[in-house]
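Peer 1: Residue numbers (this note's numbering): 7 to 707.
We treat Cβ as the ideally placed atom computed from N, Cα and C, and that holds for glycine.
A quick note: this is a predicted structure, and the numbers were derived from the prediction, not measured.
1. Per DSSP, what kind of secondary structure is residue 222 in: helix, strand or coil?
2. Identify the residues that DSSP records as bridge partners of residue 627: which are they?
3. I'd like the span of the alpha helix (DSSP H) that includes residue 410, first residue to last.
4. Take residue 657 and list the residues in its own chain whose beta-carbon comes closer than 6 Å to its own, dropping the five residues that flank it on each side.
5. Could you pull the start and end residues of the alpha helix (DSSP H) that residue 195 belongs to?
6. For residue 698, which residues of its own chain have a beta-carbon under 7 Å away from its beta-carbon, when the five flanking residues on both sides are left out?
7. Please determine, among 441, 186, 622, the residue with the shortest C-alpha to C-alpha distance to residue 365.
8. What span of residues does the beta strand (DSSP E) with residue 541 cover, start to end?
9. Do residue 281 and residue 354 have their CB atoms nearer than 7 Å?
10. Does the distance from the CB of residue 502 to the CB of residue 451 come in under 7 Å?
11. Give a yes or no on whether 7 Å exceeds the smallest Cβ distance from residue 213 to chain C.
12. For residue 418, which option in 625, 520, 287 has the closest C-alpha, if you only look at C-alpha atoms?
13. Going by DSSP, what residues sit across from residue 691 in a beta bridge?
14. What does the Cβ neighbour count give for residue 236, buried or exposed, with the cut at 16 atoms within 10 Å?
15. Applying the 10 Å Cβ sphere with the 16-neighbour rule, what's the burial state of residue 610?
16. Taking 6 Å as the cut-off, is the CB of residue 211 close to at least one heavy atom of the ligand FAD?
17. Would you decide whether residue 257 is buried or exposed? Buried here means 16 or more other CB atoms lie within 10 Å of its CB.
18. Give me the DSSP bridge partner(s) of residue 134.
19. Of all the options 581, 591, 229, which has the alpha carbon lying nearest to the alpha carbon of residue 542?
20. Are residue 255 and residue 285 close, meaning C-beta to C-beta below 7 Å?
21. When we look at the beta-carbon of residue 689 and count the other beta-carbons within 10 Å, is it buried (16 or more) or exposed?
22. In the DSSP assignment, what are the bridge partners of residue 447?
23. For residue 57, which option in 107, 631, 88, 75 has the closest C-alpha, if you only look at C-alpha atoms?
24. How would you label residue 496, buried or exposed, when you count the other beta carbons within 10 angstroms and need 16 or more for buried?
25. Just list the alpha helix (DSSP H) runs in the region 71-118, keeping only unbroken ones of 4 residues or longer that don't cross its boundaries, in chain order.
26. Assuming residue 357 contacts residue 213 under a Cβ cut-off of 8 Å, what Cβ separation, rounded to an integer in Å, is found between them?
27. Does the beta-carbon distance from residue 412 to residue 569 come in below 7 Å?
28. Is the region 176-195 touching the region 323-342, taking contact as three or more C-beta pairs under 8 Å?
29. Would you say residue 321 and residue 313 are within 7 Å of each other, going by their C-beta atoms?
30. Give me the Cα-Cα distance between residue 394 and residue 531, rounded to the nearest whole angstrom.
31. Tell me the DSSP bridge mates of residue 332?
32. Within a Cβ cutoff of 7 Å, which residues of the same chain sit near residue 155, ignoring the five residues on either side of it in sequence?
33. Indicate the three-state DSSP secondary structure (helix, strand or coil) for residue 515 in the structure shown.
34. When we look at the beta-carbon of residue 240 and count the other beta-carbons within 10 Å, is it buried (16 or more) or exposed?
35. Please go through the region 300-380 and give each complete beta strand (DSSP E) segment of 3 or more residues, from N-terminal end onward.
36. Just to confirm, is the Cβ distance from residue 290 to residue 571 under 7 Å?
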């Protein structure tokens with residue numbers, strides 16, 4: 007107690023600094039006793055109040071006084087965004103001194119935090135305390151010269167200063183207003199589909215994925231997320247339920263990092279295998295530099311084994327000498343254990359918006375064109391591919407140009423362990439004719455990298471018809487496809503949409519009723535019903551698709567509309583009809599969906615001696631067709647199929663779209679003739695898991 011009198015005569019040297027000069031802060035932390043202080047006196051009032059409270063609590067440990075210790079205590083502490091004192095670092099010879107200073111700080115009250123740009127923020131301070139205390143008698147106030155001398159003479163304090171300067175500012179989510187893509191997820195897009203399709207809304211909804219900044223014009227993603235947040239105070243609770251795992255915010259830049267999971271366990275009740283599984287772990291890193299530049303990357307490491315029918319299909323599209331299977335929508339796999347697949351995937355892109363009218367993306371991923379569940383023009387069902395995308399938006403127009411590098415992985419075109427490269431370019435022009443009616447024009451061309459042709463710069467022209475370039479390069483120079491899309495908004499709740507694709511047709515035969523093989527056409531009709539029957543967030547959809555035989559194929563198979571042995575349009579290829587009914591519902595974090603698909607398809611008979619192509623497999627040549635006329639949908643090994651899927655789940659984290667779910671799939675596949683690859687079978691597949699929902703799984707093959 008004899009030191010208390012001396013302690014009252016001393017002033018502790020408190021040198022304040024934060025990650026920037028405090029002149030940039032609008033206010034200092036504020037004790038209750040400083041509420042009426044002017045702005046100029048906030049700093050001194052804070053220091054004096056803190057000094058008084060420390061002096062009233064600090065007790066010098068007995069061992070320090072008994073050994074006549076001469077030295078210093080160094081404390082680095084922080085006043086948090088919540089106004090709490092937090093000791094970050096202490097340095098002292100005696101552990102008793104460390105414990106005492108920590109005890110004193112633990113007794114300090116919660117105060118009003120500092121603010122920066124009117125927002126609560128943290129601020130850090132360094133406090134040196136000399137022992138014995140009478141060495142500080144000459145210091146009666148905080149002195150900038152003392153601070154300078156201390157910083158110059160202490161390397162350790164310099165390192166602490168550097169550390170504080172690189173710490174993040176309070177994180178404000180920039181994702182929802184950025185030029186990043188909203189990840190392709192049917193459940194996620196369904197949340198704002200109604201807002202994007204409201205009558206009088208000038209949004210262009212067919213070209214996907216959307217930029218967050220496009221969605222933000224019509225739908226408040228932050229408000230949706232805010233409603234679902236839980237009241238969690240602990241770091242673990244906030245990261246699990248409400249936030250990104252890692253965040254960093256600086257001056258005009260930001261980053262986030264998250265773990266990706268897709269862990270599934272299930273049972274195919276018609277399989278001899280004990281269980282199915284998928285084990286995906288990965289990481290997402292995304293961010294922004296300034297207002298116009300953003301980047302995104304995600305890396306997956308996956309192993310899986312699926313229902314038998316899905317495994318058979320994956321193995322049927324395996325690449326030459328590249329592994330046992332290609333996992334649909336994911337990529338080439340290698341063997342894992344005895345009956346599983348290992349399939350790593352990487353996606354990512356950079357996005358730049360140089361002006362109000364233009365945005366550019368370059369990366370690896372998938373694209374989708376259409377308003378339906380399926381697309382007959384460009385779907386996200388194939389493996390990711392490299393692409394360059396240019397979007398131009400003004401008035402009532404949106405014009406998208408995409409250039410892609412694709413692969414043909416068949417044995418016939420592979421050489422020395424490498425796959426054949428081909429290129430694709432497409433244009434899509436969307437026009438809102440009225441506040442209810444939208445039409446779109448589509449054209450696409452695929453050409454191969456033969457005879458040193460490489461990437462043909464003629465296709466870089468963003469405003470030319472590809473068919474004319476294809477014709478000028480020779481009969482087999484490329485494969486062009488054109489299409490038409492449309493959408494009509496009957497009301498804010500009901501939309502009708504459609505597509506028409508033309509691969510090839512003969513004007514003299516299209517209306518003659520002869521059903522020539524040359525008429526390679528397809529169309530889609532669909533309707534969406536939002537908030538159905540006045541039930542909020544109940545969504546109903548019905549869709550019909552049909553594609554004639556040989557559509558998307560070509561005499562030179564490498565020029566077909568495919569990538570990695572998968573169709574770039576409808577996942578079934580061609581030669582089919584299907585009807586789809588979908589229902590979705592969501593309330594807060596709970597969601598559910600039901601899907602039924604009824605189809606008629608035409609397969610080949612797999613005759614290896616005299617192969618005949620009936621037009622369902624886009625990786626067969628049209629030259630192997632059996633008929634010139636009388637070509638009908640479902641010809642060949644006519645097969646009827648029924649696919650139904652029921653899923654329900656709970657959104658764990660609305661920011662990352664992490665979910666826990668359960669699903670059951672029933673599939674009945676009935677060909678007119680059983681072959682080694684096409685035979686009668688049915689499946690009941692039960693599945694449970696937790697996944698970060700940032701891409702679409704399609705199991706409806």
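Peer 2: If we stick to the structure as given:
1. Helix at residue 222.
2. Looking at the DSSP assignment, residue 627 forms no beta bridge with any residue, so it has no partner.
3. In the DSSP annotation of this structure, residue 410 is not part of any alpha helix (DSSP H); the continuous beta strand (DSSP E) holding it starts and ends at 403-414.
4. Hits under 6 Å: 595, 665.
5. Looking at the DSSP string, the run of the alpha helix (DSSP H) that includes residue 195 is 192-202.
6. The beta carbon of residue 698 lies closer than 7 Å to those of 266, 267, 268, 662, 663, 664 in the same chain, with the five residues before and after it left out.
7. Residue 186 is the option with its Cα nearest to residue 365.
8. Element bounds for residue 541: n/a, residue is neither H nor E.
9. For residue 281 and residue 354, no; Cβs fall outside 7 Å.
10. In this structure, residue 502 keeps its C-beta atom at 7 Å or more from the C-beta atom of residue 451.
11. In summary, chain C is missing from the structure at hand, where a single protein chain is found.
12. Measuring from the Cα of residue 418, the nearest candidate turns out to be 625.
13. Note: residue 691 sits in a beta bridge opposite 274, 671.
14. Exposed: under 16 other Cβ atoms inside 10 Å.
15. Per the 10 Å Cβ criterion, buried.
16. For the structure depicted, the ligand FAD is absent and the ligand set is empty, with no information on it obtainable.
17. Looking at its Cβ environment, which holds fewer than 16 other Cβ atoms inside 10 Å, residue 257 is exposed.
18. In DSSP, residue 134 forms a bridge with 80.
19. When each option's Cα is compared against that of residue 542, the closest is 591.
20. Contact annotation: residue 255 and residue 285 have beta-carbon atoms that are not nearer than 7 Å.
21. Buried, because 16 or more other Cβ atoms sit within 10 Å of the Cβ of residue 689.
22. 435, 490, per the DSSP bridge assignment.
23. Closest by alpha carbon: 107.
24. By the 10 Å Cβ count, residue 496 comes out exposed.
25. Whole alpha helix (DSSP H) segments, 4+ residues: 101-112.
26. So it is not a contact: roughly 14 Å between Cβ atoms.
27. The answer is yes: Cβ separation under 7 Å.
28. As far as the Cβ criterion goes, the region 176-195 does not touch the region 323-342, which means the pair count is below three.
29. Not a contact, by the Cβ cut-off of 7 Å.
30. One Cα belongs to residue 394, the other to residue 531, and the distance between them is close to 30 Å.
31. Looking at the DSSP assignment, residue 332 forms a beta bridge with 338.
32. In this prediction, residue 155 has a pLDDT of 30, which is less than 50 and means its spatial position is unreliable; nothing more can be read from the coordinates.
33. Residue 515 sits in coil when the DSSP states are folded into three classes, being neither helix nor strand.
34. Exposed, because fewer than 16 other Cβ atoms sit within 10 Å of the Cβ of residue 240.
35. The region 300-380 contains, as complete beta strand (DSSP E) runs of 3+ residues, the segments 331-333, 337-342, 346-348, 351-358, 364-371 (chain order).
36. Contact flag unset, no.
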